[in-house]
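Residue numbers (our numbering): 298 to 466.
Here you go:
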């Protein structure tokens, strides 16, 4: 008798566990399907990727974090504000020199003016307007510059060239 009761108990447990497991799998599949359709996995759109990188770049520069510059740069920079074929060492030296001259500097990108051009080579040109303020010491007023920035990025989102033009205002 004990054996039969034990078999019945095991059968009932397996039946209930099977239903429970099937229910769990079903709920998981339903949640997974909803997540997959609600948040399709794609590579980030180049415009959004570049916006993020450019925002990080100016955030670092606004806090005088010149040492972070190499992570934004391509191994071969073609043009650095009019200086052709500058090495990383020369770019770092120039950036530090600028921060010594103007330790108080702040750049704000006008994201409404932000445009990206996709090149056939897989590279990108991003242009945007920017408000750039500088001053030499704490007590003086900021000099304000309205600039048009043109940047050239490789396929790995590393900066290959940057130039600026002063806008009239």
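Ideal Cβ placement from N, Cα and C applies to all residues, glycine included.
Which of helix, strand or coil DSSP assigns to residue i
{"i": "residue 438", "result": "coil"}
{"i": "residue 448", "result": "strand"}
{"i": "residue 431", "result": "strand"}
{"i": "residue 387", "result": "helix"}
{"i": "residue 374", "result": "coil"}
{"i": "residue 347", "result": "helix"}
{"i": "residue 342", "result": "coil"}
{"i": "residue 242", "result": "Past the boundaries of the shown model lies residue 242; the chain is included only from 298 to 466, so the question cannot be answered."}
Exposed unless 16 or more other CB atoms sit within 10 angstroms - verdict on residue i
{"i": "residue 354", "result": "buried"}
{"i": "residue 377", "result": "buried"}
{"i": "residue 342", "result": "exposed"}
{"i": "residue 450", "result": "buried"}
{"i": "residue 457", "result": "buried"}
Residue nearest to residue i in terms of C-alpha spacing, selected from the options
{"i": "residue 440", "options": "451, 448, 449 and 428", "result": "428"}
{"i": "residue 420", "options": "400, 452, 392 and 410", "result": "452"}
{"i": "residue 364", "options": "463, 385, 454 and 438", "result": "385"}
{"i": "residue 395", "options": "426, 359 and 301", "result": "359"}
{"i": "residue 369", "options": "455, 461 and 465", "result": "455"}
{"i": "residue 447", "options": "438, 432 and 414", "result": "414"}
{"i": "residue 346", "options": "432, 357 and 412", "result": "412"}
{"i": "residue 430", "options": "438, 461 and 459", "result": "438"}
{"i": "residue 423", "options": "465, 461 and 380", "result": "461"}
{"i": "residue 426", "options": "432, 404, 417 and 349", "result": "404"}
{"i": "residue 416", "options": "402, 442 and 344", "result": "344"}
{"i": "residue 409", "options": "366, 348 and 367", "result": "348"}
{"i": "residue 433", "options": "459, 407, 401 and 380", "result": "401"}
{"i": "residue 367", "options": "379, 380 and 390", "result": "390"}
{"i": "residue 407", "options": "383, 381 and 442", "result": "442"}
{"i": "residue 459", "options": "399, 357, 465 and 371", "result": "371"}
Where the beta strand (DSSP E) through residue i begins and ends
{"i": "residue 462", "result": "456 to 463"}
{"i": "residue 412", "result": "401 to 415"}
Supposed contact pair residue j and residue i - C-beta distance, whole angstroms, cut 8 Å
{"i": "residue 351", "j": "residue 374", "result": "Not a contact, Cβ separation roughly 16 Å."}
{"i": "residue 435", "j": "residue 463", "result": "Wrong, their Cβ atoms sit about 25 Å apart, outside the cutoff."}
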